[in-house]
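All remarks here apply to the structure that follows.
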Amino acid sequence: MERSEVSHAQNQAGPWYKRVFWLIAIWLASVAALGIVASGIRGIMHMAGMSSH
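Numbered by full-length UniProt numbering, the letters in the sequence shown go through residues 1 to 53 in order.
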């Protein structure tokens with residue numbers, strides 16, 4: 001790959017703050033999805049009589 005192609009590819013990636021924003025947004029979405037799944041499993045276990053309280 002020529003040097004101009006590398007520079008062109010880096011320019012298409014966008015500013016660093018947009019990449020950091022997307023990293024944080026995807027991380028937050030995955031944490032939220034995990035929380036929803038965990039709450040669902042907890043609800044199913046509670047309905048099945050498997051509560052700890």
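C-beta: ideal position from N, C-alpha, C; glycine also.
How about residue i: is its Cβ closer than 7 Å to a heavy atom in the ligand ZN?
i   : result
G49 : By its list of ligands, the structure shown contains no ligand whatsoever, and the ligand ZN lies outside what it can speak to.
How about residue i and residue j: do their beta carbons lie closer than 8 Å?
i   : j   : result
A13 : R19 : yes
Given residue i, which residues of its chain have a CB within under 7 Å of its CB, disregarding the five upstream and five downstream residues?
i   : result
R42 : none
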